[in-house]
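K.L.:
Numbering (my numbering), first residue to last: 156 to 296.
#1: Look at the alpha carbon of residue 197 and the alpha carbon of residue 283, and state the distance between them as a whole number of angstroms.
#2: I'd like to confirm something about residue 242: is its beta-carbon nearer than 6 Å to some heavy atom of the ligand ADP, or not?
#3: Checking 7 Å against the spacing of the C-beta atoms, do residue 268 and residue 254 come in under that value?
#4: I'd like to check one pair, residue 224 with residue 252: are the Cβ atoms closer than 7 Å?
#5: Residues in its own chain within less than 8 Å of residue 174 by CB, not counting five upstream and five downstream?
#6: Apart from the five residues on each side of it in sequence, which residues of its chain come closer than 6 Å, Cβ to Cβ, to residue 218?
#7: What number of angstroms, rounded off, separates the C-alpha of residue 215 from the C-alpha of residue 199?
#8: I need the DSSP call for residue 156, collapsed to helix, strand or coil.
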């Protein structure tokens, strides 16, 4: 299924490892405490990449790679419940979100998270029960 994506939202601070690593900073100003819910961010259209080739920004020699399974919402979805939320799902994508390494979540990391072509997306696959999926990551292979 071809992509027809025009908005991509990401989620940060939604896993225990990250929260544990950042815990000391999250209790200091300006946060004062860790987020009580996952934090959303938006990826601008210029970051979307279905070609697979990425040019490193000038002066950058390393990137962080965050691979995930993306959910494509296929219709207007408001006030969803756990019982009906999956009715809005059109399909799934494999997403690889590239970032320039950085330590601060205080200011929006625009340069680090939003450089051209930094969000690699597969074609949209029809939705199926995700408990039946097998995901594997290969490095250099």
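Note that beta-carbon positions come from the ideal geometry of N, C-alpha and C, so glycine has one too.
P.N.:
Taking the structure as given:
#1: 25 Å
#2: This structure simply doesn't include the ligand ADP, nor any ligand for that matter.
#3: yes
#4: no
#5: 168, 181, 189
#6: 253
#7: 20 Å
#8: Note that residue 156 scores 45 on pLDDT, short of 50, meaning its location in the model is unreliable; the coordinates nonetheless yield the value given after this. Coil.
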